[in-house]
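One structure is given below, encoded as structure tokens.
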Amino acid sequence: MLQLKNRIKDLFRNGYHARNSICIKNVIYDDGDAEICRGDLYTPEGKESRAVIFYIKGGLFGGVAKSRRRGYAARLADRGYTVFVPEYGEGSEGYEACLNRLLKAESWLKRNPQQVGASGKMLIFAETTGAALAVELILLKRDTAYRSARGIETTPIGFHGAVLFSSVWDLDKALAGKLPRALRKHLDQWNASTEDLGGIAPTSKITTFVPTFVAYNARVEPVNRQSKALLSRLRSIGIPIWEYCASYRNPPVNWQLDGSELSELLNRDVDAFVEQITEGRPSPKYIEI
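Each residue of the sequence shown is one higher than the one before, starting from 3 at the first, in my numbering.
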């Protein structure tokens, strides 16, 4: 029954019909791993892109398909953004394999500005476990010392802003503490452990970052606790942030296309944040619903 309900939700979210955008499915971003390394590219039709959005879907442990974000990605493209939604594997392969594929996907975007159709600023959008990966991607791109300590080679070209939906950020701490039921289920399914995730706690290691929009559900632990820790860290180093705190609804990732008033409010505020990023440095903001 739960699977049927989720399927109905997916059909509704993906029922958004693109009006002013084009989708190219299964673009290969790494020939050496072409079976997995594919992404869907959404571009605005007949006009120049306002910015590139690198969208990291959730479901690291369950392998949620990129097609489940088709409706939201098309909506963003209709509003003038170029959106790339890559597949990056499953948690059963290990955290590092997924992270390395995302680095390759970001590199492909940077190498192909004409194919992507945009040469302006790049933002990272990410949800749930994908948002935890996004925090580390930003650190790897912006922090030389962190990149060296992790032993990962990548170009220091990165993102200009981030929009992060409903996540836990320090995955090793989440494993040691209370986990959301869905995350625990997938860890049990894959027989995963802290070591499989790399044992990484990025929040405590943040010394530089990008302007960030963080949307989270205050009723879900450790999402609430870890989101507040992330926000506190970003404030302490002077990063402009928009904090979007929900106290009575499902995690914000479920609001993006559900047609509700909350969905419209969230999308409006995300638009305003992205607009400030493309024009310059955004002013901090706190929103509670």
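Ideal Cβ positions, reconstructed from N, Cα and C, are used throughout, including at glycine.
Around the C-beta of Q116, fewer than 16 other C-beta atoms lie within 10 Å, and the residue is accordingly described as exposed. Exclusion of the five residues before and after T156 leaves L105, L142 as the residues of its chain whose Cβ lies within less than 6 Å of its Cβ. Taking the CA atoms as reference points, L43 sits about 15 Å from D32.
For T280, the enclosing alpha helix (DSSP H) covers residues 263 to 281. Scanning I208, L173, F127, F215 for the CA closest to the CA of R235 turns up I208.
A residue is called buried once 16 or more other Cβ atoms fall within 10 Å of its Cβ, and T146, having fewer, is exposed. A distance of 8 Å or more separates the beta carbons of I126 and F167. Across the set E223, L101, C247, K123, the C-alpha of K123 shows the shortest separation from the C-alpha of E50. In this structure, W171 and A134 form a Cβ contact; the two beta carbons are roughly 6 Å apart against a cut-off of 8 Å. If you check the CB distance, K175 and A203 come in under 8 Å. Contact check between the segment 45 to 61 and the segment 272 to 286: three or more CB pairs, one atom from each, fall below 8 Å, which counts as touching. The segment 83 to 98 and the segment 24 to 40 touch, with three or more beta-carbon pairs separated by less than 8 Å. Residue burial is scored here from C-beta neighbours: A67 has fewer than 16 other C-beta atoms within 10 angstroms and is therefore classed as exposed. In this structure, the alpha-carbon of G73 lies about 11 Å from that of C25.
If you draw a straight line from the Cα of I58 to the Cα of N219, it is about 19 Å long. Measuring C-alpha to C-alpha distances from G132 to each of I243, I154, F56 identifies F56 as the nearest.
Between the beta-carbon of T45 and that of S23 there is about 6 Å, and that keeps the pair under the 8 Å contact cut.
Note on A151: under 16 other CB atoms within 10 angstroms of its CB, so exposed under the neighbour-count rule.
Under the three-state reduction of DSSP output, V137 falls in the helix class. Residue nearest to T214 within the set S249, V272, G163 is G163 (criterion: CA-CA distance).
Collapsing the DSSP output to three states places R71 in a helix. Judged by DSSP in its simplified three-state form, N22 adopts coil rather than helix or strand. Between E263 and I154, the alpha-carbon positions lie close to 43 Å from each other.
In this structure, the straight-line span from the alpha carbon of T205 to that of L232 is close to 6 Å. If you draw a 10 Å sphere on the C-beta of E129, you find 16 or more other C-beta atoms in it, and that means buried. Ranking K287, R71, N28, V212 by CA distance to the CA of C247 puts K287 first.
L267 is positioned such that its CB atom lies closer than 8 Å to that of I291. The continuous beta strand (DSSP E) containing A128 extends over residues 124 to 129. Residue pairing for T45: DSSP places it in a beta bridge opposite I24.
Relative to G96, the option among L173, S249, K27, N28 whose CA is nearest is L173.
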